[in-house]
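Colleague: Below is one structure. I have some questions about it.
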Amino acid sequence: MPELPEVETIRNELSPWLIGECFTDVCILDARIVATGPPDEFRQKLIGQKIEGISRRGKYLLFKLSNATSLIVHLRMTGSLLLDPIDAQRYVRASFDLTGGHHLVFRDSRRFGRIWLVDDVDSVVSKLGPEPLGDDFRPGVLGQRISRRSIAVKSALLDQGVVAGIGNMYADEALFAARIHPLTRASDLSEDELETLCHSIRTVLLEAIECRGASVDTYLRPEGAAGTAQCSFKVARRGGEPCAVCGSKIERVRIQNRGTYYCPGCQPIEPGSSRPRA
DNA sequence: CTTGGGACCTGGCTGC
DNA sequence: TGCAGCCAGGTCCCAA
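Numbered continuously in my numbering, the first sequence closes out at residue 458.
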């Protein structure tokens with residue numbers, strides 16, 4: 181499922197092809213994906229607009245348009261954006277023709293993805309927390325946002341208002357890298373742990389971007405190739421396998437109704453135990 | 001205010 | 001083999 185590294189990869193790989201091109205036609209096949217008004221209006225407003233730039237905020241992909249509006253795309257669970265696909269695609273919810281002969285296809289089997297056309301990007305993304313790869317994402321900032329939260333640290337990382345762009349897979353990977361048990365109360369993290377976690381989040385996300393994202397489920401890069409970040413996962417989706425670091429069997433629990441994977445050897449704290457851990 | 005749980009959605013998997 | 005039923009999870013919404 182597309183999280184920050186996947187969306188960043190899509191941004192990186194679409195940009196050289198689409199920046200400077202104009203929308204010449206728009207086809208909405210499922211009206212539900214348009215979050216801003218009727219599809220016809222969406223289509224009329226978008227046609228003729230030039231893409232001035234493509235950026236990302238959390239898991240949102242932002243197309244800056246020539247009339248100062250923005251096209252925003254969120255892929256949610258199963259969405260993907262394909263550039264000039266050769267084969268006919270299933271589950272196409274919208275398609276876009278552009279100058280230069282390009283054809284951009286929004287595909288989404290589960291219909292959770294959404295697109296917006298807005299004057300002000302903030303009207304969609306204003307509640308997001310800091311960008312984890314930005315300069316302002318510091319241990320103190322993370323601490324400020326979770327120090328009064330009694331929820332599990334895993335839940336806190338999934339809260340897009342705490343930090344933007346982390347989803348189920350990279351939350352598990354970051355907590356493993358930081359050697360923090362996912363059920364640890366967010367408010368119980370020490371300053372050292374906050375610093376380690378902050379660093380681990382950045383490292384895990386940067387390494388995944390290097391791998392062009394993780395192709396689990398339906399994620400593919402715009403030109404149809406897979407990412408390889410899933411090959412480097414230490415715990416995510418590896419329940420029952422031995423930990424590559426200590427050999428313990430990777431366990432799976434449910435937190436906030438999400439499958440959560442961790443290594444009981446490397447992330448040893450038991451929920452409710454007194455701190456500090458041994 | 002915080003927290004937890006359900007709704008949304010459908011392909012793929014499990015089990016009878 | 002066929003089919004019912006459950007599961008995955010990002011975000012929003014609502015209730016406690």
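No residue lacks a Cβ here, since even glycine has one placed at the ideal position from N, Cα and C.
Within the stretch 332-419, note down every full alpha helix (DSSP H) run reaching 4 residues or more, in order along the chain.
Modeller: 333-338, 348-357, 371-390
Colleague: Between Gly-445 and Ser-428, how many whole angstroms is the CB-CB distance? I'm expecting something under 8 angstroms.
Modeller: 3 angstroms
Colleague: So what does DSSP say about Thr-440, is it helix, strand or coil?
Modeller: strand
Colleague: Please go through the same chain and pick out, in chain order, the residues whose beta-carbon is closer than 6 angstroms to the beta-carbon of Arg-290, but skip the five residues on each side of it.
Modeller: Met-257, Thr-258
Colleague: Is the Cβ-Cβ distance between Ile-435 and Pro-362 less than 8 angstroms?
Modeller: yes
Colleague: Grouping DSSP H, G and I as helix and E and B as strand, with all else coil, what is Cys-203?
Modeller: Reading off the sequence shown, one finds Phe at residue 203, where the question assumed Cys. In the structure shown, Phe-203 sits in a strand (DSSP, three-state: E or B).
Colleague: Whole angstroms are fine: how far does the CA of Gln-324 sit from the CA of Arg-417?
Modeller: Answer to the nearest angstrom: the Cα atoms are 30 angstroms apart.
Colleague: Put Asp-277 into one of helix, strand or coil per three-state DSSP.
Modeller: strand
Colleague: For Trp-443, count the other beta carbons within 10 Å of its own beta carbon; 16 or more makes it buried, fewer makes it exposed. Which is it?
Modeller: The identity of residue 443 in the sequence shown is Cys, whereas the question assumes Trp. Classification for Cys-443: buried.
Colleague: Look at the alpha carbon of Glu-353 and the alpha carbon of Gly-228, and state the distance between them as a whole number of angstroms.
Modeller: 42 angstroms
Colleague: What would DSSP say about Lys-307, mapped onto helix, strand or coil?
Modeller: coil
Colleague: Determine whether the beta carbon atoms of Ile-430 and Thr-364 lie at a separation below 8 angstroms.
Modeller: no
Colleague: Since Glu-431 sits in a beta bridge, which residues does DSSP pair it with?
Modeller: Tyr-442
Colleague: Under a three-way DSSP split, which group does Ile-234 fall into?
Modeller: strand
Colleague: Would you check if there are 3 or more beta carbon pairs closer than 8 angstroms linking the stretch 284-299 to the stretch 307-318?
Modeller: no
Colleague: Go ahead and pull the three-state DSSP assignment for Arg-191.
Modeller: helix
Colleague: Check Val-321 in the structure and name its three-state DSSP category.
Modeller: Note: Val-321 maps to helix in three-state DSSP.
Colleague: In its own chain, which residues sit with a C-beta less than 7 angstroms from the C-beta of Gly-420, not counting the 5 before and 5 after it?
Modeller: Lys-429, Ile-430
Colleague: Output the distance between the C-alpha atoms of Thr-189 and Pro-196, rounded to the nearest integer angstrom.
Modeller: Taking the straight line joining both Cα atoms gives about 12 angstroms.
Colleague: Given Leu-374, which residues of its chain have a CB within under 6 angstroms of its CB, disregarding the five upstream and five downstream residues?
Modeller: Pro-319, Leu-322, Gly-323
Colleague: Less than 8 angstroms between C-beta atoms, sequence neighbours within five positions excluded: which residues of the same chain meet that for Gln-447?
Modeller: Leu-355, Phe-356, Arg-359, Ile-360, His-361, Pro-362
Colleague: Beta carbon of Ile-234, beta carbon of Val-298: below 8 angstroms?
Modeller: The answer is no: Cβ separation not under 8 angstroms.
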